[in-house]
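Working notes, beginning with the structure itself.
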Amino acid sequence: MALEPGILAGFLVIFLAVLLGPFKIHVIEENLEVFLFVCGIAAMTISGFVEIPGTETGWRMEIIEEALTSPLNSLNIGGIPIGIFQVVLIVGLIIYKWHEPIHKAIRKMANALSLKIMAFILIAVLGLFSSVMSAILAAIILVEMVNALPISRKSKIDLTVIACFSIGLGAALTPLGEPLSTIAVSKLSGEPYHADFMFLFNMLGKYIIPGILAYGIVGMFFLGKVDMKDSGIKAEDYNETLKDVIMRAVKVYLFIMALTFLGDGFKPIIFEYFTQIPSAVLYWVNMVSAILDNATLAAAEIGPTMSELQIKSILMGLLIAGGMLIPGNIPNIISAGKLGITSKEWARLGVPMGLVTMGIYFAIIFVFRI
Numbered sequence: 003m004a005l006e007p008g009i010l011a012g013f014l015v016i017f018l019a020v021l022l023g024p025f026k027i028h029v030i031e032e033n034l035e036v037f038l039f040v041c042g043i044a045a046m047t048i049s050g051f052v053e054i055p056g057t058e059t060g061w062r063m064e065i066i067e068e069a070l071t072s073p074l075n076s077l078n079i080g081g082i083p084i085g086i087f088q089v090v091l092i093v094g095l096i097i098y099k100w101h102e103p104i105h106k107a108i109r110k111m112a113n114a115l116s117l118k119i120m121a122f123i124l125i126a127v128l129g130l131f132s133s134v135m136s137a138i139l140a141a142i143i144l145v146e147m148v149n150a151l152p153i154s155r156k157s158k159i160d161l162t163v164i165a166c167f168s169i170g171l172g173a174a175l176t177p178l179g180e181p182l183s184t185i186a187v188s189k190l191s192g193e194p195y196h197a198d199f200m201f202l203f204n205m206l207g208k209y210i211i212p213g214i215l216a217y218g219i220v221g222m223f224f225l226g227k228v229d230m231k232d233s234g235i236k237a238e239d240y241n242e243t244l245k246d247v248i249m250r251a252v253k254v255y256l257f258i259m260a261l262t263f264l265g266d267g268f269k270p271i272i273f274e275y276f277t278q279i280p281s282a283v284l285y286w287v288n289m290v291s292a293i294l295d296n297a298t299l300a301a302a303e304i305g306p307t308m309s310e311l312q313i314k315s316i317l318m319g320l321l322i323a324g325g326m327l328i329p330g331n332i333p334n335i336i337s338a339g340k341l342g343i344t345s346k347e348w349a350r351l352g353v354p355m356g357l358v359t360m361g362i363y364f365a366i367i368f369v370f371r372i
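So for the sequence shown, my numbering puts the first residue at 3; every next one is plus one.
Below, the structure is given as structure tokens:
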């Protein structure tokens, strides 16, 4: 059934506000977490006026509990809950306590290597290992290393954006990496796929691993002319207070809550329209994961009745588009928060890089059928 025009209009207003608000209004950019939280509440409220047979929509205790607990239990490894909030807070406190030796070691490594090699290591190695160390930890390591490098702010942003594309891709290779991969494996665990721990690696590895290496090479090209020994450029001194560390973790917590509400609030649109779209078109439509939770989109779109081509197209579209804007995935959120990257600064490179990458993978998956 089609949604009523008034409800569609409401969802469209929220979508445009989330997409354009941070770029157009400075106060929104400064309070992005709160703004997204309010938009999430609005989306949840509107979805409550929609009834979809077999699907719960709108406000209910289940989604409130999920929003409250998901920042504390993003992944579950060996029965132990690992949440983005705890990791950001604990690692932040460790760096706060021992930042001098940590940054000293990073700068010593930077002086021993060329920036090209450092860029490739950060982008490729963190991307490849994010599937086992989780995207959360990979992002935290990234921002500390980038922050300690004696390069310009623009170079730091370029390096961070490219690395987050790499981490976002790599984290999907196993259920340890990020919620999207956990959900995908769970949805496909029965007939006919019998998805196990290595299922996504076997299905997507031939696309993701070359992509990560390509991002590493692109990063070398972007930063190849930067001289780390330039006396006019110095690494930033660590100047965070204990309050800053705690507040950053709180903001990340609120950010994840907001994305949970936004993702669930937009379920009527996803279930009623997205699931009816042909794979080649849905691949591009999934660019909405640049601002919506890609785990929610994956949960709605993926099912065991789909072909392998359909599953590949859905997952690759979600993963690539997630790097385009700050709300797109967890590494973006952590990195932008720590380094103070604005939505405009991120989009300057994130949007064109995402579009080019999506074009390349579209040709690989749908044209050449590799």
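Each residue gets a CB set at the ideal place from its N, CA and C atoms; glycine is no exception.
Small disclaimer: the values here were computed from a predicted structure and weren't measured.
Would you mind sorting residue i into buried or exposed? The rule is 16 or more other CB atoms within 10 Å of its CB.
i	result
D246	exposed
F370	exposed
I367	buried
W348	buried
K110	exposed
I82	exposed
L311	exposed
G129	buried
A365	exposed
S191	exposed
V89	buried
G42	buried
V29	exposed
E180	buried
G56	exposed
V113	The sequence given here has Asn at residue 113, not Val. Exposed, because fewer than 16 other Cβ atoms sit within 10 Å of the Cβ of N113.
L22	exposed
Can the beta-carbon of residue i be found less than 9 Å from the beta-carbon of residue j?
i	j	result
D295	L317	no
V20	P270	no
E274	L5	yes
L124	S132	no
A44	I9	no
A165	I210	no
L151	L117	yes
P103	T344	no
T262	E35	no
M360	M289	yes
A260	L38	yes
With a threshold of 6 Å on Cβ separation, who are the neighbours of residue i within its own chain once the five nearest residues in sequence on each side are excluded?
i	result
G85	P73, L74, N75 and S76
N331	G170 and G324
V353	M326
P7	none
G234	Note that G234 has pLDDT 46, beneath the 50 cutoff, so the model's placement of it is unreliable and the number below is only indicative. So no residue of the chain qualifies.
P329	I293
G172	G129, L130, S132, S133 and I214
L115	none
I65	D266
Under DSSP, the beta strand (DSSP E) around residue i begins and ends at which residues?
i	result
I84	I82 to I84
Between which two residues does the alpha helix (DSSP H) carrying residue i extend?
i	result
E180	Counting along the chain, E180 falls outside any alpha helix (DSSP H), and DSSP gives it neither H nor E.
L202	F201 to L225
F2	Nothing can be reported for residue 2: it is not among the residues displayed for the chain, which extend from 3 to 372.
T298	N296 to E303
G267	L244 to G267
N33	Careful: N33 lies outside any alpha helix (DSSP H) and carries neither H nor E.
F17	P7 to K26
L73	The residue asked about is misnamed: residue 73 is Pro in this sequence, not Leu. No alpha helix (DSSP H) contains P73, which DSSP labels as neither H nor E.
R350	S345 to F364
F167	R155 to G172
A4	Run containing A4: none; DSSP gives neither H nor E here.
P306	Looking at the DSSP string, P306 is not in any alpha helix (DSSP H), and its letter there is neither H nor E.
I think residue i touches residue j, with their Cβ atoms under 8 Å apart; what is that distance to the nearest whole Å?
i	j	result
A292	M326	4 Å
A121	G221	4 Å
G267	M63	Not confirmed; about 16 Å, so no contact.
I248	L91	7 Å
Y363	L244	About 43 Å separates the two Cβ atoms, so there is no contact after all.
L182	L320	7 Å
S315	S281	4 Å
I335	V254	6 Å
L378	V145	No answer is possible for residue 378: the residues shown for the chain start at 3 and end at 372.
L178	S136	6 Å
F199	T176	6 Å
Go through its chain and collect everything with a Cβ distance to residue i's Cβ below 7 Å, but skip five positions before and after it.
i	result
G305	K189
L215	A126
G186	In the sequence as presented, Gly is not what sits at residue 186; that position holds Ala. Excluding sequence neighbours, A186 sits near L202, A300, I304 and L317.
Y240	H101 and H105
E242	Y98
Say yes only if the C-beta of residue i is nearer than 8 Å to one or more non-hydrogen atoms of the ligand NAD, and no if none qualify.
i	result
M222	In the structure on display, the ligand NAD does not appear, and there are no ligands present to speak of.
Is there a C-beta anywhere in chain C that falls below 9 Å from the one on residue i?
i	result
V20	Among the protein chains of the structure shown there is no chain C, as only one such chain exists.
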